[in-house]
Ligand SMILES: Nc1ncnc2c1ncn2[C@@H]1O[C@H](COP(=O)(O)OP(=O)(O)OP(=O)(O)O)[C@@H](O)[C@H]1O
Ligand SMILES: [Mg+2]
């Protein structure tokens with residue numbers, strides 16, 4: 003290499019960084035071996051060439067500025083730029099520019115040291131890509147250190163848990179423990195992952211607000227390049243929907259089997275009951291004794307009660323063999339409200355209906371539909387009356403009914419400002435004989451029968467919390483049911 007220069011570039015041949023010596027016209031006076039191996043070019047292709055001819059076009063301007071600054075201010079300048087190698091590849095380099103002057107040479111020269119950082123940049127880019135994938139995926143994701151403390155959680159994890167990020171980092175994922183898994187379950191998980199293996203399992207976690215969420219959790223050990231564990235990576239897949247569907251299926255099957263049982267009981271009890279009822283009437287007519295007449299009257303009352311239960315059982319289990327007719331749901335709602343409104347208990351209650359006039363008529367059995375609506379409205383009246391009795395304030399009961407079309411369904415929503423239904427009761431409310439009413443006041447069959455009727459028209463009924471703080475019953479009927 004050029005010995006006339008102030009520093010011997012031979013001395014720089016052992017360095018892995020590329021070194022260039024430039025004259026003030028930014029032409030290359032000398033270069034070390036690393037320039038030739040990194041840029042895959044010969045010395046003759048470098049010497050006396052413009053330095054910028056070795057650069058990627060996007061880097062030319064900023065390098066020119068750097069050199070001007072370096073020469074003008076005699077300052078050291080550091081920047082990152084891209085070279086283009088002889089075989090057309092881009093080389094990322096961290097460059098340092100400094101001025102050197104010598105006694106032999108009048109003009110200032112520029113020493114450029116360029117460190118190849120292509121691999122580092124590629125790694126950073128890969129890391130950034132992975133980080134973005136992890137950060138933006140809809141799957142909740144957590145990274146824990148070897149001690150099992152969370153060192154990273156993605157936004158989906160934060161959302162799932164209901165905790166803030168700072169409430170999670172530094173803590174073990176056990177903050178989400180639902181207590182629904184045995185110690186053995188977690189011991190097995192730990193022994194699998196600490197041996198460097200992947201563990202997959204279904205877990206139930208508890209959100210900050212206490213709600214349970216079901217996920218499939220995959221935990222994978224993070225290994226160091228040179229071997230050995232660095233931490234653990236856990237990714238969740240939400241199973242709540244699957245669990246809800248499973249629960250609904252079990253519920254539907256349970257309801258079906260109760261229906262079959264009810265049909266049998268109704269048949270077996272109904273016939274003897276009809277005989278007893280007939281006999282009671284005969285005896286009543288054939289006796290003059292007041293005591294016996296009185297007692298028979300009581301027997302009749304009890305028979306009426308049993309008959310109502312049997313009628314309800316039959317209503318639930320009877321296959322829908324009535325004729326389906328195009329039914330105006332709005333008219334049906336209005337009639338049901340009129341029926342319930344005239345009741346003694348309903349006289350102080352305000353009924354509000356908000357009916358979408360454009361909804362299409364549905365193929366239903368109008369009487370059965372009315373039975374469902376009346377059941378729900380009477381329940382709301384009962385709930386409001388009971389609440390009023392316990393409150394003794396100027397509380398005024400309100401029952402609202404709304405109809406609307408939602409996609410391919412007609413939705414009928416009943417909501418009130420009564421006491422509402424607790425989360426625990428809402429799981430059981432459609433089961434037969436579930437009632438919170440005093441003995442003799444309710445049999446707990448009303449909603450069960452309603453459920454049976456709605457399902458027989460391929461609809462659905464759900465209970466929730468009303469915007470007025472009471473109960474809300476939402477019924478859906480498909481506009482085009484497939485029978
Ligand atoms: N609007 C409502 N507000 C509060 N609780 C309600 C409401 N509707 C129903 N419930 C609850 O659901 C229970 C079950 O209702 P369901 O109609 O099945 O039976 P019931 O009204 O008790 O008896 P019946 O067989 O006479 O209808 C009620 O006892 C009550 O606890
Ligand atoms: Mg009822």
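In our numbering, the protein residues as written are 3 to 485. Glycine included, C-beta positions come from ideal geometry on N, C-alpha and C.
Considering only residues of the same chain and omitting the five flanking positions on each side of residue i, which have a CB-CB separation below 8 Å?
{"i": "residue 72", "result": "78, 79, 99, 100, 101, 112"}
{"i": "residue 383", "result": "342, 345, 347, 348, 351, 399, 401"}
{"i": "residue 214", "result": "180, 182, 206, 207, 208"}
{"i": "residue 93", "result": "40, 41, 84, 85, 86, 87, 118, 120"}
{"i": "residue 428", "result": "465, 466"}
CB-CB under 6 Å to residue i, same chain, minus the five flanking residues each way: which ones, in chain order?
{"i": "residue 21", "result": "14, 34, 115"}
{"i": "residue 322", "result": "Confidence in residue 322 is poor, its pLDDT being 49 and thus under 50, which makes the residue's placement too unreliable to answer from."}
{"i": "residue 204", "result": "218"}
{"i": "residue 372", "result": "334, 338"}
{"i": "residue 436", "result": "430, 446"}
{"i": "residue 171", "result": "152"}
{"i": "residue 388", "result": "none"}
{"i": "residue 194", "result": "201"}
May I have the straight-line CA-CA distance separating residue i from residue j, to the nearest angstrom?
{"i": "residue 297", "j": "residue 306", "result": "14 Å"}
{"i": "residue 74", "j": "residue 81", "result": "17 Å"}
{"i": "residue 343", "j": "residue 393", "result": "22 Å"}
{"i": "residue 276", "j": "residue 438", "result": "30 Å"}
{"i": "residue 121", "j": "residue 225", "result": "20 Å"}
{"i": "residue 166", "j": "residue 153", "result": "14 Å"}
{"i": "residue 65", "j": "residue 30", "result": "14 Å"}
{"i": "residue 477", "j": "residue 379", "result": "13 Å"}
{"i": "residue 265", "j": "residue 315", "result": "7 Å"}
{"i": "residue 108", "j": "residue 70", "result": "18 Å"}
{"i": "residue 282", "j": "residue 355", "result": "45 Å"}
{"i": "residue 353", "j": "residue 234", "result": "59 Å"}
{"i": "residue 468", "j": "residue 416", "result": "9 Å"}
{"i": "residue 123", "j": "residue 91", "result": "14 Å"}
{"i": "residue 426", "j": "residue 396", "result": "29 Å"}
{"i": "residue 136", "j": "residue 143", "result": "7 Å"}
{"i": "residue 358", "j": "residue 408", "result": "11 Å"}
{"i": "residue 456", "j": "residue 173", "result": "48 Å"}
{"i": "residue 76", "j": "residue 63", "result": "19 Å"}
{"i": "residue 482", "j": "residue 462", "result": "14 Å"}
{"i": "residue 186", "j": "residue 177", "result": "18 Å"}
{"i": "residue 138", "j": "residue 158", "result": "8 Å"}
Alpha helix (DSSP H) containing residue i: first to last residue?
{"i": "residue 248", "result": "242-288"}
{"i": "residue 393", "result": "368-393"}
{"i": "residue 451", "result": "448-458"}
{"i": "residue 331", "result": "331-343"}
{"i": "residue 66", "result": "59-75"}
{"i": "residue 158", "result": "157-163"}
{"i": "residue 39", "result": "35-41"}
{"i": "residue 167", "result": "167-170"}
{"i": "residue 80", "result": "Premise fails: residue 80 lies in the beta strand (DSSP E), 79-86, not in any alpha helix (DSSP H)."}
{"i": "residue 428", "result": "425-428"}
Please name the residue in the options whose C-alpha comes closest to that of residue i.
{"i": "residue 133", "options": "150, 155, 120", "result": "155"}
{"i": "residue 147", "options": "25, 411, 291, 236", "result": "236"}
{"i": "residue 313", "options": "282, 385, 290, 270", "result": "270"}
{"i": "residue 191", "options": "455, 255, 222", "result": "222"}
{"i": "residue 405", "options": "362, 387, 289, 426", "result": "362"}
{"i": "residue 175", "options": "157, 145, 309, 200", "result": "145"}
{"i": "residue 268", "options": "310, 139, 149, 162", "result": "310"}
{"i": "residue 36", "options": "48, 304, 187", "result": "48"}
{"i": "residue 328", "options": "470, 202, 230, 479", "result": "479"}
{"i": "residue 412", "options": "460, 419, 453, 370", "result": "460"}
Considering only residues of the same chain and omitting the five flanking positions on each side of residue i, which have a CB-CB separation below 7 Å?
{"i": "residue 3", "result": "A caution first: residue 3 carries a pLDDT of 45, below 50, which makes its placement in the model unreliable, though a value can still be read off. For residue 3, where only same-chain residues beyond five positions count, the Cβ hits under 7 Å are 11, 12, 32."}
{"i": "residue 423", "result": "431, 465, 473"}
{"i": "residue 286", "result": "295, 298"}
{"i": "residue 450", "result": "318, 432, 433, 434"}
{"i": "residue 232", "result": "224, 225, 226"}
{"i": "residue 28", "result": "52, 53, 54, 69"}
{"i": "residue 272", "result": "312"}
Tell me where the beta strand (DSSP E) around residue i begins and ends.
{"i": "residue 146", "result": "143-146"}
{"i": "residue 187", "result": "First-last for residue 187: 185-196, but that is the alpha helix (DSSP H), not the beta strand (DSSP E)."}
{"i": "residue 133", "result": "No beta strand (DSSP E) contains residue 133, which is instead part of the alpha helix (DSSP H) from 120-138."}
{"i": "residue 464", "result": "462-467"}
{"i": "residue 204", "result": "201-208"}
{"i": "residue 352", "result": "352-357"}
{"i": "residue 222", "result": "214-225"}
{"i": "residue 53", "result": "Careful: residue 53 lies outside any beta strand (DSSP E) and carries neither H nor E."}
{"i": "residue 20", "result": "20-24"}
Does any CB atom of chain D fall closer than 7 Å to the CB of residue i?
{"i": "residue 424", "result": "Structure shown: chain D not included; a single protein chain is present."}
Pocket of ligand 2 defined by Cβ to heavy atom distance under 6 Å: 377, 380, 381, 444, 448
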